[in-house]
Amino acid sequence: MRGYLAYVGRRFGQFLLVVFIGINIAYVVTHASPIDPVEQSISAVTSYGNTAPGAIEQMRNSLRELYGLSGTPVEQYLLFWKRILRADFGPSMSAFPTPVGTLIGRALPWTAGLLAVSTIVAWGLGNLLGGLAGYYRQSRGLKLMGVIAMGLHPIPYYILAMLLLIVFGFLWPVLPISGGSAMNLPQTLTPEFVLSVLQHAILPALSLILIGIGSWFLGMRSLVSNVLAEDFVVYAELAGVRSWRVLTSYVMRNALVPQVTGLAMSLGGIFNGAVITEKVFGYPGLGSLLVDAVYAGDYGLVLGVTTISILGVSIGVLAIDLLYPLLDPRVRVS
Amino acid sequence: MIVLLRDLLRDSPEFRIGAVLVVFVLLLSVLASFSPYPPESVYVVPPDVPPSLTYWFGTTSRGQDVFWQLSFAIRNTLLFGCTVALISRLFALVIGLISGYKGGWIDRALMSVNDTFIVIPLLPILVLFYFMMRDRISWLMLALIMACFGWAYDARLIRSVVMSLKAREFTQTSLFSGMSTRQILTEEHLPYVMPIVFSTTMNNMVWSIGLEVTLAVLGFTDINTPTVGGMIYWANQHTAMVAGVWWWIVFPTITVIMVFIGLFLLAVSANAYIDPRSRLWSMEGAS
Amino acid sequence: MHANAQSAPAPQGAQPILRVRDLQAHYRTSHFGVRRGVKAVDGVSFAVNRGEIYGLAGESSSGKTTLIKSIAGAIRPPLEIVGGSVEFAFLPGYGGLHRAPPVDVARIRWRHLSYIMQGSMNVLNPVRRVRSVFVDFAYPHIGGSRKQFEQQVIAHLARVRLDPSVLAAFPHELSGGMRQRTTLALATICRPDFIIADEPTTALDVVVQKEVLGMIRGIQRETGSSVLFVTHDMGVHAHVTDRLAIMYAGRLVEEAATAEIFRNPLHPYTRHLISSRPRIGDDTPREGLGGSPPNLADPPPGCRFHPRCPLATEICKREVPAMLEADTGHRVACFAVNQGSRP
Numbered sequence: 599m600r601g602y603l604a605y606v607g608r609r610f611g612q613f614l615l616v617v618f619i620g621i622n623i624a625y626v627v628t629h630a631s632p633i634d635p636v637e638q639s640i641s642a643v644t645s646y647g648n649t650a651p652g653a654i655e656q657m658r659n660s661l662r663e664l665y666g667l668s669g670t671p672v673e674q675y676l677l678f679w680k681r682i683l684r685a686d687f688g689p690s691m692s693a694f695p696t697p698v699g700t701l702i703g704r705a706l707p708w709t710a711g712l713l714a715v716s717t718i719v720a721w722g723l724g725n726l727l728g729g730l731a732g733y734y735r736q737s738r739g740l741k742l743m744g745v746i747a748m749g750l751h752p753i754p755y756y757i758l759a760m761l762l763l764i765v766f767g768f769l770w771p772v773l774p775i776s777g778g779s780a781m782n783l784p785q786t787l788t789p790e791f792v793l794s795v796l797q798h799a800i801l802p803a804l805s806l807i808l809i810g811i812g813s814w815f816l817g818m819r820s821l822v823s824n825v826l827a828e829d830f831v832v833y834a835e836l837a838g839v840r841s842w843r844v845l846t847s848y849v850m851r852n853a854l855v856p857q858v859t860g861l862a863m864s865l866g867g868i869f870n871g872a873v874i875t876e877k878v879f880g881y882p883g884l885g886s887l888l889v890d891a892v893y894a895g896d897y898g899l900v901l902g903v904t905t906i907s908i909l910g911v912s913i914g915v916l917a918i919d920l921l922y923p924l925l926d927p928r929v930r931v932s
Numbered sequence: 003m004i005v006l007l008r009d010l011l012r013d014s015p016e017f018r019i020g021a022v023l024v025v026f027v028l029l030l031s032v033l034a035s036f037s038p039y040p041p042e043s044v045y046v047v048p049p050d051v052p053p054s055l056t057y058w059f060g061t062t063s064r065g066q067d068v069f070w071q072l073s074f075a076i077r078n079t080l081l082f083g084c085t086v087a088l089i090s091r092l093f094a095l096v097i098g099l100i101s102g103y104k105g106g107w108i109d110r111a112l113m114s115v116n117d118t119f120i121v122i123p124l125l126p127i128l129v130l131f132y133f134m135m136r137d138r139i140s141w142l143m144l145a146l147i148m149a150c151f152g153w154a155y156d157a158r159l160i161r162s163v164v165m166s167l168k169a170r171e172f173t174q175t176s177l178f179s180g181m182s183t184r185q186i187l188t189e190e191h192l193p194y195v196m197p198i199v200f201s202t203t204m205n206n207m208v209w210s211i212g213l214e215v216t217l218a219v220l221g222f223t224d225i226n227t228p229t230v231g232g233m234i235y236w237a238n239q240h241t242a243m244v245a246g247v248w249w250w251i252v253f254p255t256i257t258v259i260m261v262f263i264g265l266f267l268l269a270v271s272a273n274a275y276i277d278p279r280s281r282l283w284s285m286e287g288a289s
Numbered sequence: 050m051h052a053n054a055q056s057a058p059a060p061q062g063a064q065p066i067l068r069v070r071d072l073q074a075h076y077r078t079s080h081f082g083v084r085r086g087v088k089a090v091d092g093v094s095f096a097v098n099r100g101e102i103y104g105l106a107g108e109s110s111s112g113k114t115t116l117i118k119s120i121a122g123a124i125r126p127p128l129e130i131v132g133g134s135v136e137f138a139f140l141p142g143y144g145g146l147h148r149a150p151p152v153d154v155a156r157i158r159w160r161h162l163s164y165i166m167q168g169s170m171n172v173l174n175p176v177r178r179v180r181s182v183f184v185d186f187a188y189p190h191i192g193g194s195r196k197q198f199e200q201q202v203i204a205h206l207a208r209v210r211l212d213p214s215v216l217a218a219f220p221h222e223l224s225g226g227m228r229q230r231t232t233l234a235l236a237t238i239c240r241p242d243f244i245i246a247d248e249p250t251t252a253l254d255v256v257v258q259k260e261v262l263g264m265i266r267g268i269q270r271e272t273g274s275s276v277l278f279v280t281h282d283m284g285v286h287a288h289v290t291d292r293l294a295i296m297y298a299g300r301l302v303e304e305a306a307t308a309e310i311f312r313n314p315l316h317p318y319t320r321h322l323i324s325s326r327p328r329i330g331d332d333t334p335r336e337g338l339g340g341s342p343p344n345l346a347d348p349p350p351g352c353r354f355h356p357r358c359p360l361a362t363e364i365c366k367r368e369v370p371a372m373l374e375a376d377t378g379h380r381v382a383c384f385a386v387n388q389g390s391r392p
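Structural data, given as C-alpha cells:
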C-alpha cells in the first residue's frame, strides 16, 4: 500500500509538472509574440468601417483588460494563472457575448467522446490482433494484417481522414461526412438523434482507429515475440498449460504492461490527430473550435482551447497512470 | 557500410521497398533544380488541364504545372523534415547521453521534463504559435519550434542504451584510465548510440513532416513557400475535388504517402538490423 | 505412483524409463545473410532407469541445456532435431516428444514428465499469483473440486516447508529460496514419473542450496520418480545423483555410477573436472587445462577434446572415439583409456 501511495505521489507530481510547463509555454508564446492581439482585434473590427478615435481608445483599454495584458509582467503572469484555474477566458470575440468557457464546454463532450471511444477501440483491437500475430506467426491473414498496419501507421491523420472523405464523400457517398449530428434534429436524447450522432461519428472515429490500430498492432507484435522467449512462457508450455491460457494470461498479459505506458505517452499525439480529424469532418469538438477561432481571429478562444487541451490531455495521462498498477503488481510494492 | 547496405537490400524486403520509395521521391525533389518555371509564379500554364503528355500531372487552377510544383514542394518538405530531425537529434543526444550516464537526480529531473514534452499536445500549441505570429511565421521558425518538441521520445531511447553501456566493463576501464565524462560519452559511447540515432531520424522525419502537412493544409504555415501540405491547402481553397481537378490533390497525396511509408520502412528495417532481439525473428523466418 | 522407493539403480534388464539413442540437435540461423549451424548435441546415447537420479555434468557451453530441451520437447527454431530418438516409457512408439501428436504430449506433460528450470527469478509469471499458476499447471491433471485441489496444494507446499500464504503472493514478493521451493512444489505436485532438473540450485546461496537439494532427494524417494539432474557443479552431483554422465562439446565422454566416477575417473576431461574441485585443506596447486572449449559452429575433427588433451595421439585427431564399456556399468569414449583397459 505504501508503495502504491508513493507511486501515486510521483505520478501526481509529474501531472503538475506537465500542466505547469504546458501553461507556461502558452504564456510565453502569447506574451513574447511581436504581434499584439489587441491591435489585431482592433484592426479586425475597424476594417469593416470607420470608427470614432475615442471609441477605438476605449476599446483598446477594455481589450487589454480582457486579454489580461494590462499591468506589470508579474501581474499579467499571475492573472494568466488565475484565469486558467478558474477556467475564465472572458467572452468570445467571434461569438460575442458567449463566454469562451461556454463554447469550450459545448465542444468538450464531442471531443472527449470521440477520443475515448476511438482510443479504446484502437488500443484494444490493435493489441488483440498484434498479440495474435506475434503468437501465431505463420498465419497468413495476420501476416497480411501486419503489412497493412505497416502501411497505415506512418500516414498522418489528416491524409487518412482526407482519403476517407474522398472515398465516402465523392466515390461512394453512404455516410455523413460533416457535422456531429443531422442539422434538423434537436439535440435531445431521442433515438433518432443518438443514431444520427453514431452515424456522424463513424468516419472521424474510423480514421483515428485505423491509424491507432496500426501502431498498437506493430508494438504488441514485437513485444509478444520478446515475451515468448521469457522463461515463464517456456516453462508454462513445457508444463502443457493450454495454449489459449498461455497466450492470454502469460504472453499477452505481460506484453500489455508496456502498452499501457505507451498509451499514456501517445495520448498527446492522439489528441493532435483528433484536432485535425474533427476539422476535416466538421465535427463540433475542440479541434474545429480551435481552427475556426484562428480563422475568426478570436484570441481568447484560441488561448482557452489550447490551455484546456493541455489540461485535458494531462488528466487523461494521469488517469492511465493511476490504472497502471492494476496491470502490474510489481509497482504496488517497490 | 556498403556491405551493410548490400545485406539489408538482400535480406530485408522492408528495406527494399522503403529504399525504392525514398529514392523515387528524392529523384523527384532533385528535378526541382531543372524546373522551367519558378516555384512562386502563377498562371504560367493554362489552368485546370488534366494529366497529359505535355503536363504529366496536369495543371492547377492557379495555372501551375503540378509536376514541377510538386517537385519543389517535395524538396522543401524533405528539407524541412531533415532540418527538424537534425536539430532535434542534437537535443536528444545531449539529453539522452547526460541523463543515462549521470543517473541520480540529474536523470530524474531530465526525464521528468522529457516525459512532459512527450505528453503535451503539440498541435494546439503550434496553432497558438501561428495565431500569434501570423504572416511573420517562416519555414525555419517552424522547424526550430518543432525541433524543440521533437527530441523527447528519442532522448529516452538513447538514455536506455547509454544506461546499458554504462553497466559494461569498458566504461569502468575508461573511467579508471582517467577519461573525463565528456570524453567517455563522445569517444566510447557515441559509436554505440549512433545506429539508434539514424533509425530515429527516419521516424522523426515522418513525425515532423506529418505535422507540417497538417498545419499547412489548414493554412497555418508560410503558404507562399511551396510544400506538399501547401499544395493541398491551395487545392482545397479552389475546391479542387468538387471542381473535378482531382490531380491537384491526388498526386501530392500519393507522393507524400510514399515519403511516409518509405521512411518508416527504412526505420523499421534499420531497427531490425540493430536490435539483437529481433534477430531471433529473422532466424525463425528463415527456418 | 510407484511404491518402489529405492534410490539404487533398478536391476539390470528392467525397462528404462528414458532411452536416448544417437540424438543430434543443431541450431540453424540466418541473420541478414550470415548463415550459421551449431551442432550443440551430436550423437548422444544414454538410458535412465526407474527411480534413479541420473546426473549430467559439463561446462556451460557443452550442449547439456540443448540436450534437455530436446528431451523435453522444447524445440523452437532455430533449434532442430536432426537425428536419433528419445523414448519415454510412458510415451512409447514415437521416438520423441517432438514427433508425438500434440494431444498425447499435452496428456503426459506435468502428469508424467515435469521440469524444474534454471533460474528461479523468471520461471514464474510475474503478473500471476502463485495460486493461479498451480491451477494452470496442475489442476487439469488432478481434477476434483477446487477446494480439494487447494487442500492438496497446501499439503504439498508443507513438504517443501512453505506457508499456504504463498498462494496469494506474486512471485516478486517471495525470496529466491522461496521461489525455488515453489517451483519445486509445482514440479512435483502431480507425482510425475520423470523430472528434468536444469541447474535447480545454481542461483541459490549455499545454505538454501543444501536445503533444496535435500528436498529434491526426499520427494524423489517418496514418489519414486526418476530425475535427470543437470548441473555443472560436481559437488552437487556427488551429493545427489546415483549415476553420472559427463558431456563435452555436444557428446558424452564418460558415464558410470556417481561413486565410481569420483573414485575412478577414466576420461582425461572427467579427471580434470574432478581434480579442479576445490577441497578444504588441500592447497596443492591445480593443473589448469590448456585451451578453451571448442566453438561448436566449427568443432575440431575426431575426438573434440583432443586439442586440450594431455593424452592425445594421432588417431584422436582423425577418428571419433565410441562410448565403450571399460568396466561393468562404466562407459567411456577415449582411445587412450579403451586401448589400455581392453587388450
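Line by line, the protein sequences are chains H, X and Y. Counting from 599, one number per residue, gives the positions in the first sequence under this note's numbering. Counting from 3, one number per residue, gives the positions in the second sequence under this note's numbering. Counting from 50, one number per residue, gives the positions in the third sequence under this note's numbering. Cβ coordinates follow ideal geometry from the N, Cα and C atoms, glycine included.
For residue 877/H, decide whether its Cβ has a neighbour in chain X, counting only Cβ atoms nearer than 8 Å.
yes
Scan the region 120 to 134 of chain Y for residues whose Cβ lies nearer than 7 Å to a Cβ of chain H and list them as they occur along the chain.
121 and 123
Within 8 Å (strictly less), CB to CB, does residue 622/H reach chain X?
no
Between which two residues does the alpha helix (DSSP H) harbouring residue 133/Y extend?
Under the DSSP assignment, residue 133/Y falls outside any alpha helix (DSSP H), being part of the beta strand (DSSP E) whose first and last residues are 128 to 137.
For residue 244/Y, list the residues DSSP reports as bridge partners.
Here residue 244/Y is bridged, per DSSP, to 163/Y and 276/Y.
Would you say residue 871/H faces chain Y, with C-beta separation under 8 Å as the test?
no
Please decide whether residue 161/Y counts as near chain H, where near means a Cβ-Cβ distance under 8 Å.
Not a single C-beta of chain H is nearer than 8 Å to the C-beta of residue 161/Y.
In the structure shown, what three-state DSSP assignment does residue 390/Y receive?
Note that residue 390/Y has pLDDT 45, beneath the 50 cutoff, so the model's placement of it is unreliable and the number below is only indicative. In the displayed model, residue 390/Y falls within a helix according to three-state DSSP.
Roughly how many whole angstroms lie between the Cα atoms of residue 634/H and residue 890/H?
20 Å
In its own chain, which residues sit with a C-beta less than 6 Å from the C-beta of residue 294/Y, not counting the 5 before and 5 after it?
95, 105, 301 and 304
From the DSSP output, in three-state form, read off residue 92/Y for me.
strand
Rounded C-alpha distance that separates residue 350/Y from residue 367/Y
Near 6 Å, if we compare the C-alpha coordinates of residue 367/Y and residue 350/Y.
When you compare the region 191 to 199 of chain Y with the region 865 to 877 of chain H, are there three or more beta-carbon pairs, one atom per stretch, that lie closer than 8 Å?
no
Here's the rule: buried if 16 or more other CB atoms are within 10 angstroms of the residue's CB, otherwise exposed. What is residue 214/Y?
exposed
DSSP on residue 689/H, reduced to helix/strand/coil?
strand
Residues of the region 804 to 832 of chain H whose Cβ lies closer than 7 Å to any Cβ of chain Y, in chain order
828, 829, 830 and 832
Please go through the same chain and pick out, in chain order, the residues whose beta-carbon is closer than 8 Å to the beta-carbon of residue 624/H, but skip the five residues on each side of it.
901, 904, 905 and 908
Residue nearest to residue 123/X in terms of C-alpha spacing, selected from 8/X, 74/X, 264/X and 148/X
148/X
Limits of the unbroken beta strand (DSSP E) element including residue 380/Y:
379 to 381
Report the rounded CA-to-CA distance for residue 180/Y versus residue 218/Y, giving the unit in angstroms.
8 Å
What does DSSP give as the partner residues of residue 144/Y in its beta bridges?
Answer by DSSP bridge pairing: none, since residue 144/Y is not bridged.
Given this structure, state the Cα-to-Cα distance separating residue 68/X from residue 60/X, to the nearest angstrom.
About 6 Å.
Buried or exposed by the 16-neighbour rule on C-beta atoms within 10 Å, applied to residue 226/X:
exposed
Please classify residue 116/X: is it buried, with 16 or more other beta-carbons within 10 angstroms of its beta-carbon, or exposed?
buried
If we cut at 8 Å on Cβ distances, does residue 131/X have a partner in chain H?
yes
Can you tell me which residues form a DSSP beta bridge with residue 73/Y?
91/Y and 132/Y
To the nearest angstrom, how far is it from the Cα of residue 673/H to the Cα of residue 217/X?
33 Å
Three-state class that DSSP yields for residue 732/H in the structure shown
helix
Bridge partners for residue 376/Y per DSSP, in chain order?
379/Y
Within a Cβ cutoff of 7 Å, which residues of the same chain sit near residue 236/Y, ignoring the five residues on either side of it in sequence?
163, 164, 165 and 244
Does the beta carbon of residue 117/X come closer than 8 Å to any beta carbon on chain H?
yes
Alpha carbons only, please: which of 928/H, 835/H and 780/H is nearest the one belonging to residue 220/Y?
Closest in C-alpha terms to residue 220/Y, from the list 928/H, 835/H and 780/H, comes 928/H.
If you measure between the beta carbons of residue 186/X and residue 175/X, is that distance less than 8 Å?
no
Can we say the region 848 to 865 of chain H touches the region 89 to 103 of chain X, given the rule of at least three CB pairs closer than 8 Å?
No: fewer than three Cβ pairs fall under 8 Å.
Compare the beta carbon distance of residue 140/X and residue 224/X with 8 Å and say whether it is the shorter of the two.
yes
Cα-Cα separation between residue 169/X and residue 20/X, rounded to whole angstroms:
Spanning the two alpha carbons is a distance of roughly 35 Å.
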